[in-house]
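Engineer: The structure that follows is given in the form of structure tokens.
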Amino acid sequence: MIPACRLADLPRGEAHRLDIDPPVSVFHTDDGELFAIDDTCTHQDASLADGWLEGCEVECPLHASKFDLRTGAVDAPPAKLPVRTHEVVVEDGMIYVQLSTAAPNLPPCISARLAGGPA
Amino acid sequence: MRTVAVVGASLAGLSAARSLRKQGYDGRLVVVGDELHRPYDRPPLSKEFLAGTLGEAELALESDDEDLAAEWLLGTRAVGLDHRGRTVRLADGREVRADGFVLATGAAARTLPGSEGLAGVHTLRTLDDARALRDELARGGRLVVIGGGFIGAEVASTAYALGLEVTVVEAAPTPLAGPLGEAMGAVVSGLHADHGVRLVCGVGVKGLSGESRVDAVLLEDGRSLPADIVVVGVGARPNVEWLEGSGIALDNGVKCGADGRTSLAGVVAVGDCANWYDPRAGHHRRVEHWTGARERPDAAIATLLAQGAVEPGVPRPPYFWSDQYGVKIQFAGHAAAADSVTVEAGSADGRDVLAVYRRAGDPVAVLGMNQPRLFTRWRKQLAATS
Numbered sequence: 000m001i002p003a004c005r006l007a008d009l010p011r012g013e014a015h016r017l018d019i020d021p022p023v024s025v026f027h028t029d030d031g032e033l034f035a036i037d038d039t040c041t042h043q044d045a046s047l048a049d050g051w052l053e054g055c056e057v058e059c060p061l062h063a064s065k066f067d068l069r070t071g072a073v074d075a076p077p078a079k080l081p082v083r084t085h086e087v088v089v090e091d092g093m094i095y096v097q098l099s100t101a102a103p104n105l106p107p108c109i110s111a112r113l114a115g116g117p118a
Numbered sequence: 000m001r002t003v004a005v006v007g008a009s010l011a012g013l014s015a016a017r018s019l020r021k022q023g024y025d026g027r028l029v030v031v032g033d034e035l036h037r038p039y040d041r042p043p044l045s046k047e048f049l050a051g052t053l054g055e056a057e058l059a060l061e062s063d064d065e066d067l068a069a070e071w072l073l074g075t076r077a078v079g080l081d082h083r084g085r086t087v088r089l090a091d092g093r094e095v096r097a098d099g100f101v102l103a104t105g106a107a108a109r110t111l112p113g114s115e116g117l118a119g120v121h122t123l124r125t126l127d128d129a130r131a132l133r134d135e136l137a138r139g140g141r142l143v144v145i146g147g148g149f150i151g152a153e154v155a156s157t158a159y160a161l162g163l164e165v166t167v168v169e170a171a172p173t174p175l176a177g178p179l180g181e182a183m184g185a186v187v188s189g190l191h192a193d194h195g196v197r198l199v200c201g202v203g204v205k206g207l208s209g210e211s212r213v214d215a216v217l218l219e220d221g222r223s224l225p226a227d228i229v230v231v232g233v234g235a236r237p238n239v240e241w242l243e244g245s246g247i248a249l250d251n252g253v254k255c256g257a258d259g260r261t262s263l264a265g266v267v268a269v270g271d272c273a274n275w276y277d278p279r280a281g282h283h284r285r286v287e288h289w290t291g292a293r294e295r296p297d298a299a300i301a302t303l304l305a306q307g308a309v310e311p312g313v314p315r316p317p318y319f320w321s322d323q324y325g326v327k328i329q330f331a332g333h334a335a336a337a338d339s340v341t342v343e344a345g346s347a348d349g350r351d352v353l354a355v356y357r358r359a360g361d362p363v364a365v366l367g368m369n370q371p372r373l374f375t376r377w378r379k380q381l382a383a384t385s
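If you're matching them up, the sequences are chains A and B in order.
Using numbering that gives the first Met the number 0, the first residue of the first sequence is number 0, and each one after it goes up by one.
Using numbering that gives the first Met the number 0, the first residue of the second sequence is number 0, and each one after it goes up by one.
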């Protein structure tokens, strides 16, 4: 498990990005629930931690695709693929993330970079 | 309602078809499109697609496993609406009878009078336009962009990255002053000069010169700008000529209420062809933004299915984005309503500005350049307070 941050340091309505590769973000909803998903929108290189959190959904800060924090599903274009969801554990006031073993759905520009091609 | 005809197969039409199914409509669904292509995303046409970094398959708006159980009539234009007969007439002679109609015929790029038939002169609206322009840009040379708006600026930015010599001509003293206001219009259009792209402002275009192919753009002040390729980016007009004589109220597009209803029962309109009433502004406002085409069909379909019995909600402030020279430009709200603009973060010179537009102290719009996080916060606040 990867330590993210202290629960006390992540107010409701906020997100915390883990700078791993690919990055993952933990969201603390207004209802007090915690979710972790891949931070990069599956459409383009945008950080979902910078997005618009409303209920259990986060809207990409650039192009308005909304991802369900519970399932990773996307509601509408321009993104077409879901993000991965990751398990969140809180122990002794510390938030940990158990990373999914599934393959991430990264946007074409990032996939190209990871494959060693032009960004 | 047993048959709904969606006229228009781009983002607004597709979003309407999706909304119909999402809202439980299980009757016959016919989607009419004048282009042969399945619905595709237009914003990349002036950016990644034009640059050659994004392929056609990636423009598709539908998912591979998506099935809206719709009949797609593509490659045929609607030429008339007979409201009494509940029929849409198509250019190929076919007719579609339906109980409900969604008008989503979009807008067409304005052209320069006298430029017809001259090779090397382009507008950019459709995939076919983008293919043609991409092929020409790949050959390099001198590009003159007529119009310093968003399409013009994005084409200039892409062509600059491809290595072309680019000049942008704008008739107004400051590009983007309409959508962004004078001060921020100057900041954003300053990106051209930052990259050595020449920007000529405050002078109109008199015409083009060239025999079979364009060789120069002639300006009102007598100057002549040599050009191998010309892109005309001078705005768009709503595609509503086909509705003339149908009895539907037209005024800068299809005149609509705040919920997409038109003057005809059982007919709603969405996207660039629709001039919705804006309850915030207190008047009608035709919005050509991607997000409007994506979000408003939900409300319009609720109106159509409830036959006008739903109370329209207040829409979120209009939002659009643009990518130029590697800078993410985002804007929400209405600049024209503002009496002041303040820089809240970053700086104009650094091209990382976060500017808030206010009227009588209340925020009415926000602009961000490479500030997605702060921009989203302000955009949320704008939606909550206005």
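Glycine residues also receive a C-beta, built at the ideal position from the N, C-alpha and C atoms.
For A/G71, return the contacting residues in chain B, with the cut-off set at a CB-CB distance below 9 Å.
Structural biologist: Counting from 1 along the first sequence, the entry for residue 71 of chain A is found at position 72. Going along chain B, no residue has its Cβ under 9 Å from A/G71, so there is no contact; the nearest lies around 14 Å.
Engineer: Can you give me the Cβ contacts of B/V101 inside the same chain, cut-off strictly under 6 Å, excluding the 5 residues immediately before and after it?
Structural biologist: Counted from its first residue, the second sequence places residue 101 of chain B at position 102. Once the five neighbours on either side are set aside, the close Cβ partners of B/V101 are V5, A15, V267.
Engineer: Just checking my contact of B/D386 with B/R76 at CB under 8 Å: how many whole Å lie between their CB atoms?
Structural biologist: Residue 386 of chain B lies beyond the stretch modelled for chain B, which goes from 0 to 385, so this question has no answer here.
Engineer: Are B/L207 and B/S188 close, meaning C-beta to C-beta below 8 Å?
Structural biologist: Numbered from its first residue, the second sequence carries residue 207 of chain B at position 208. Numbered from its first residue, the second sequence carries residue 188 of chain B at position 189. Their beta carbons are not under 8 Å apart, which means B/L207 does not touch B/S188 by this criterion.
Engineer: I'd like the span of the beta strand (DSSP E) that includes A/K65, first residue to last.
Structural biologist: Position 66 of the first sequence, counting from 1, holds the residue named residue 65 of chain A. Residues 65-67.
Engineer: For A/Q97 and B/V120, what's the separation of their Cα atoms in angstroms?
Structural biologist: The residue you call residue 97 of chain A lines up with position 98 of the first sequence. The residue you call residue 120 of chain B lines up with position 121 of the second sequence. Using only the alpha carbons, I get a separation of about 56 Å.
Engineer: B/Y318: which of B/G281, B/V365, B/A298 sits nearest, CA to CA?
Structural biologist: Counting from one through the second sequence, the residue named residue 318 of chain B turns up at place 319. It is B/V365 whose Cα lies nearest to the Cα of B/Y318.
Engineer: Is the segment 157-174 of chain B close to the segment 141-149 of chain B, with three or more CB pairs under 8 Å?
Structural biologist: Judged by Cβ distances under 8 Å, the segment 157-174 of chain B makes contact with the segment 141-149 of chain B, as three or more pairs qualify.
Engineer: Alpha carbon to alpha carbon, what distance is there between B/Q329 and B/L373?
Structural biologist: For the purposes of this step, residue 373 of chain B is identified with residue 374 of the second sequence, where counting begins at 1. For the purposes of this step, residue 329 of chain B is identified with residue 330 of the second sequence, where counting begins at 1. Cα-Cα distance, rounded: 11 Å.
Engineer: Tell me which residues of the segment 280-312 of chain B have at least one Cβ-Cβ distance to chain A shorter than 7 Å, keeping chain order.
Structural biologist: Cβ contacts with chain A: T290, R293.
Engineer: Since A/L52 sits in a beta bridge, which residues does DSSP pair it with?
Structural biologist: As a first step, residue 52 of chain A is located in the first sequence; it is residue number 53 there, counting from the start. Answer is A/V57, bridged to A/L52.
Engineer: Which residues, in order along the segment 76-90 of chain A, keep a beta-carbon less than 9 Å from a beta-carbon of chain B?
Structural biologist: Listed by position, the residues of the segment 76-90 of chain A near chain B (Cβ gap below 9 Å) are P76, P77, K79, L80.
Engineer: Reducing DSSP to helix, strand and coil, say where A/R16 ends up.
Structural biologist: Within the first sequence, the letter at position 17 stands for residue 16 of chain A. It is a strand residue.
Engineer: Determine whether the Cβ of B/R372 lies closer than 8 Å to any Cβ atom of chain A.
Structural biologist: One-based indexing of the second sequence puts residue 372 of chain B at position 373. Cβ-Cβ to chain A under 8 Å: yes for B/R372.
Engineer: For the beta strand (DSSP E) containing B/P362, name the first residue and the last one.
Structural biologist: Here residue 362 of chain B refers to the residue found at position 363 of the second sequence. It spans 361-368 - the beta strand (DSSP E) in which B/P362 sits, taken as one unbroken run.
Engineer: Have a look at A/E13 and A/D29 and give me their C-alpha separation to the nearest angstrom.
Structural biologist: Position 14 of the first sequence, counted from the first residue, corresponds to residue 13 of chain A. Position 30 of the first sequence, counted from the first residue, corresponds to residue 29 of chain A. The straight-line gap from Cα to Cα measures roughly 9 Å.
Engineer: For B/G23, which option in B/A335, B/N238, B/A301 has the closest C-alpha, if you only look at C-alpha atoms?
Structural biologist: By 1-based counting over the second sequence, the position of residue 23 of chain B is 24. It is B/A301.
Engineer: Tell me which residues share the same chain as B/H288 and place their Cβ nearer than 8 Å to its Cβ, disregarding the 5 neighbours each side in the sequence.
Structural biologist: In the second sequence, residue 288 of chain B corresponds to position 289, counting from 1. Answer for B/H288: P317, Y318, F319, listed in chain order.
Engineer: Once the 5 residues before and after A/P10 are set aside, which same chain residues still bring their CB inside 8 Å of it?
Structural biologist: Within the first sequence, residue 10 of chain A is the residue found at index 11, counting from 1. If we look at A/P10 and ignore the five residues flanking it on each side, its Cβ neighbours are H27.
Engineer: Straight-line CA distance for B/E135 to B/T157?
Structural biologist: One-based indexing of the second sequence puts residue 135 of chain B at position 136. One-based indexing of the second sequence puts residue 157 of chain B at position 158. Cα-Cα distance, rounded: 13 Å.
Engineer: Under 8 Å, Cβ to Cβ, is there at least one residue of chain B near A/G54?
Structural biologist: To locate residue 54 of chain A, count along the first sequence from 1; it is residue 55. False, the Cβ-Cβ gap to chain B never drops below 8 Å.
Engineer: Please report whether the beta-carbon of A/G116 lies at a distance below 8 Å from any beta-carbon of chain B.
Structural biologist: Numbered from its first residue, the first sequence carries residue 116 of chain A at position 117. The predicted position of A/G116 is uncertain, since its pLDDT is 46 and thus under 50; a value taken from the coordinates is nonetheless stated next. So, not an interface residue.
Engineer: Using beta carbons (cut-off 8 Å, strictly below), is A/A101 in contact with chain B?
Structural biologist: The residue labelled residue 101 of chain A in the question sits at position 102 within the first sequence. Cβ-Cβ to chain B under 8 Å: no for A/A101.
Engineer: Check the C-beta distance from B/G234 over to B/R109 and give it rounded, since I have them as a contact under 8 Å.
Structural biologist: If you number the second sequence from 1, residue 234 of chain B lands on position 235. If you number the second sequence from 1, residue 109 of chain B lands on position 110. About 5 Å separates the two Cβ atoms, so the contact holds.
Engineer: Which runs of the alpha helix (DSSP H) spanning at least 4 residues fall entirely within the segment 77-143 of chain B, listed in chain order?
Structural biologist: Listed in chain order, the complete alpha helix (DSSP H) runs (minimum 4 residues) inside the segment 77-143 of chain B are 126-136.
Engineer: Can you tell me whether B/G12 is buried or exposed? The criterion is at least 16 other CB atoms within 10 Å of its CB, across all chains shown.
Structural biologist: Walking along the second sequence from the start, residue 12 of chain B turns up at place 13. Buried, since its Cβ has 16 or more Cβ neighbours within 10 Å.
Engineer: B/E57 lies in the alpha helix (DSSP H); which residues open and close that run?
Structural biologist: Reading the second sequence from its first residue, position 58 is the one you call residue 57 of chain B. B/E57 -> no alpha helix (DSSP H), and no H or E assigned at all.
Engineer: Please classify A/P2 as buried or exposed, where buried requires at least 16 neighbouring CB atoms within 10 angstroms.
Structural biologist: Working through the first sequence from its first residue, we reach residue 2 of chain A at position 3. Per the 10 Å Cβ criterion, exposed.
Engineer: When you compare each of A/G92, A/F66, A/A48, A/L6 to A/R83 by their alpha carbons, which one comes out closest?
Structural biologist: Within the first sequence, the letter at position 84 stands for residue 83 of chain A. Nearest option by C-alpha distance: A/F66.
Engineer: Find the residues of chain A that neighbour B/E57, judging by a C-beta separation of less than 8 Å, and give them in chain order.
Structural biologist: Numbered from 1 along the second sequence, position 58 holds the residue referred to as residue 57 of chain B. P107, listed in chain order.
Engineer: State the start and end residues of the unbroken alpha helix (DSSP H) segment that holds B/P179.
Structural biologist: In the second sequence, residue 179 of chain B corresponds to position 180, counting from 1. Note on identity: in this sequence residue 179 of chain B is Leu, with Pro being the wrong assignment. 176-179 is the extent of the alpha helix (DSSP H) around B/L179.
Engineer: Looking at the structure shown, is A/C40 part of a helix, part of a strand, or coil, going by DSSP?
Structural biologist: Residue mapping note: residue 40 of chain A aligns to position 41 of the first sequence, counting from 1. A/C40: coil per DSSP, three-state reduction.
Engineer: From the DSSP output, which residues share a beta bridge with A/A35?
Structural biologist: Here residue 35 of chain A corresponds to residue number 36 of the first sequence, with the count starting at 1. Answer by DSSP bridge pairing, in chain order: A/V25, A/H85.
Engineer: Determine the extent of the alpha helix (DSSP H) in which B/R290 is found, giving its start and end residues.
Structural biologist: Position 291 of the second sequence, counted from the first residue, corresponds to residue 290 of chain B. Correcting the residue identity first, residue 290 of chain B is Thr in this sequence and not Arg. From DSSP, the alpha helix (DSSP H) with B/T290 extends over 289-304.
Engineer: Touch check for the segment 146-155 of chain B and the segment 171-185 of chain B: three-plus C-beta pairs under 8 Å?
Structural biologist: Contact holds: three or more Cβ-Cβ distances are below 8 Å.
Engineer: According to DSSP, is B/S9 part of a helix, a strand, or is it coil?
Structural biologist: As a working note, residue 9 of chain B is residue 10 in the second sequence. Reduced to three states, the DSSP call for B/S9 is coil.
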